[in-house]
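What follows is one structure encoded as structure tokens, with my remarks underneath.
Residue numbers (the numbering used here), protein chains in the order written: chain A, 52 to 152; chain B, 9 to 449.
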């Protein structure tokens, strides 16, 4: 029965190794995803405010924001969040330029 | 600190594992109470087991066997009861080639390859074809090794080869007490030198002391191989009467008998053990009696240390390794568990750097937004709303424990929006940098 202890010990060591490597990686990935979505949502909200404040309609900006909102509604990963944020920012810039202009 | 302990535990687990694997050596030698090693009791070749006898060539041997039913080569020692063998062989008859003991391997195989001989006897080893007949009890060994009588093996093998019914067992060897003259001669020699070597015996010397009989010098009697077919002299009991309390070792050819203290306890065991293991070699080779005696004494030593005698075991020093060995697996498991626990703790509760001013900045900017909210209108209202949106996002991010860097990025955006609000209002005192200077200092 002594060999069982060795097997258990080896399994525990291996589990510890996998856990130590995998857990932070998984947590970091999740954190980056949530961070990216936080930034994306902030950009979309900001763009929505700019749209409401704009005097003249901007079809291109409307389109960009709609696309960003569609992507956000699908709840994708980090890359989808980056794309949505990018679209929302460009729409925001367009509307702010209109408001200033 | 915990991190260092973690790695120390891992290193300890590895060291324990390596130690455990390194000490895993199995040994075939089993001893009760650390018997002194006997070395190699019968070293091959160097033990003088080769008699120097030679045999003729294979052709000559074949011709000799064809010419006579029984061929005895010079130096042959085996004898047998002719009538018993013929009765066992039945009508088919038998051709026997008898060679001397102690032949080198090449000569032995030359003798065994003589196909015309039904049975080949080398020394007292009896073979025929692929078969070999061996004695397996003391009453047969004493005939074989004390007198060279191989009748029992021969009849068994010949009956088997000729498909005859098994031959009846030979009666027990008759023994006789030594004559008065014989006993007197031996007794005188034993009183003088402690040993008696009869003419023709090959016992050159005896061990000065032996671990087989500690505290007592045994008396040795060595006789050459005795003639077969007549009662065998029995010196042991007679000498035991003459020398009470002394161990007496009597050799008849290759046969060793013991009389004296504890004879009942181990003599039979020693005989069975010794001849059971070495009968094969003793029958083929011509060992000098001194070597047979040495091997036998080694065996008696082993039996003595096997605990058959009622005597305390010798002191064996305390070996910490043997005591520590069973603990190693548990030590390893404990180290592995400690490593796992420390690793898990580290993963579950990562150390987070102390506050980097996020709440203060968030509160300050929120206060600024509330303060200027009553003044805005038009473009400045849009900028303020954007700033508040960013502030809300920053607050959510902070609540969700997202990285401070990200929260600061959102706060930067809010600050920029509030800054442009103050610019649009034309109120530089509401610029965030100006407004927060006094509060966050």
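We treat Cβ as the ideally placed atom computed from N, Cα and C, and that holds for glycine.
By the beta-carbon neighbour count (other beta carbons within 10 angstroms, threshold 16), residue 126 of chain A is exposed.
Contact between the segment 236 to 244 of chain B and the segment 254 to 270 of chain B is present: three or more C-beta pairs spanning the two stretches fall below 8 Å. Restricted to the segment 188 to 262 of chain B, the beta strand (DSSP E) segments that are unbroken, complete and at least 3 residues in length are 203 to 205, 227 to 231 and 256 to 260, listed in chain order.
Two segments are said to touch when three or more pairs of C-beta atoms, one from each, lie closer than 8 Å; by this definition the segment 103 to 119 of chain B does not touch the segment 182 to 190 of chain B. Here residue 139 of chain B carries a strand assignment [DSSP, helix/strand/coil].
Under the three-pair Cβ rule at 8 Å, the segment 392 to 410 of chain B counts as touching the segment 94 to 104 of chain A.
Ranked by Cα distance from residue 100 of chain B, the first of B/73, B/200, B/169 and B/142 is B/169.
In the DSSP annotation of this structure, residue 383 of chain B is not part of any alpha helix (DSSP H), being labelled neither H nor E.
When only Cα atoms are considered, residue 226 of chain B and residue 126 of chain B end up about 45 Å apart. Chain B places a beta carbon closer than 7 Å to that of residue 100 of chain A, counting this residue as a contact. Counting only runs of 4 or more residues that sit fully inside the segment 94 to 164 of chain B, the alpha helix (DSSP H) segments are 113 to 120 and 146 to 150, in chain order.
In this structure the segment 59 to 75 of chain A touches the segment 345 to 352 of chain B; the number of beta carbon pairs closer than 8 Å is three or more. Distance between residue 270 of chain B and residue 230 of chain B, taken at the CA atoms: about 21 Å. With respect to residue 152 of chain B, residue 210 of chain B sits apart: the two C-beta atoms are not nearer than 7 Å.
Sequence-distant Cβ neighbours of residue 428 of chain B in its own chain, meaning closer than 7 Å and more than five residues away, are 391. When CB distances to chain B are screened at a threshold of 8 Å, the residues of the segment 83 to 97 of chain A falling below it are 85, 86, 89, 90, 92, 93, 96 and 97, in chain order. Under the 7 Å criterion on CB atoms, residue 27 of chain B is classed as non-interfacial with respect to chain A. Unbroken alpha helix (DSSP H) runs of no fewer than 4 residues, entirely contained in the segment 260 to 324 of chain B, are found at 271 to 292 and 297 to 311, following chain order.
A direct Cα-to-Cα measurement between residue 109 of chain A and residue 74 of chain A gives close to 46 Å. In the three-state reduction of the DSSP assignment, residue 107 of chain A falls in the coil class. At least 7 Å separates the CB of residue 307 of chain B from every CB of chain A.
Under the 10 Å beta carbon count, residue 323 of chain B is surrounded by fewer than 16 other beta carbons and is classified as exposed. The criterion of a C-beta distance shorter than 7 Å is not satisfied by residue 94 of chain A and residue 130 of chain A. Look at residue 184 of chain B here: in three-state DSSP terms it is strand. Looking at A/105, A/117 and A/119, the one whose alpha-carbon comes closest to that of residue 148 of chain A is A/105. In the three-state reduction of the DSSP assignment, residue 63 of chain B falls in the coil class. Annotated three-state conformation of residue 83 of chain A is helix, per DSSP.
Annotation: residue 31 of chain B is outside any beta strand (DSSP E) and is labelled neither H nor E by DSSP. Between the alpha carbons of residue 419 of chain B and residue 345 of chain B lies a gap of roughly 44 Å. Residue pairing for residue 79 of chain B: DSSP places it in a beta bridge opposite B/105. Only those residues of the segment 114 to 140 of chain A whose C-beta falls short of 9 Å from the nearest C-beta of chain B would be listed, and there are none.
Residue 145 of chain B and residue 106 of chain B do not touch by the CB rule: their CB atoms are close to 23 Å apart, not below 8 Å. Take the alpha-carbon of residue 340 of chain B and the one of residue 347 of chain B: they are about 11 Å apart. Nearest in C-alpha terms to residue 78 of chain A, of all of B/61, B/432 and B/356, is B/356. Short of 8 Å from the beta carbon of residue 84 of chain B, and not among the five residues preceding or following it, lie these beta carbons of its own chain, in chain order: 106, 107, 108 and 129. With respect to residue 162 of chain B, residue 122 of chain B sits apart: the two C-beta atoms are not nearer than 7 Å.
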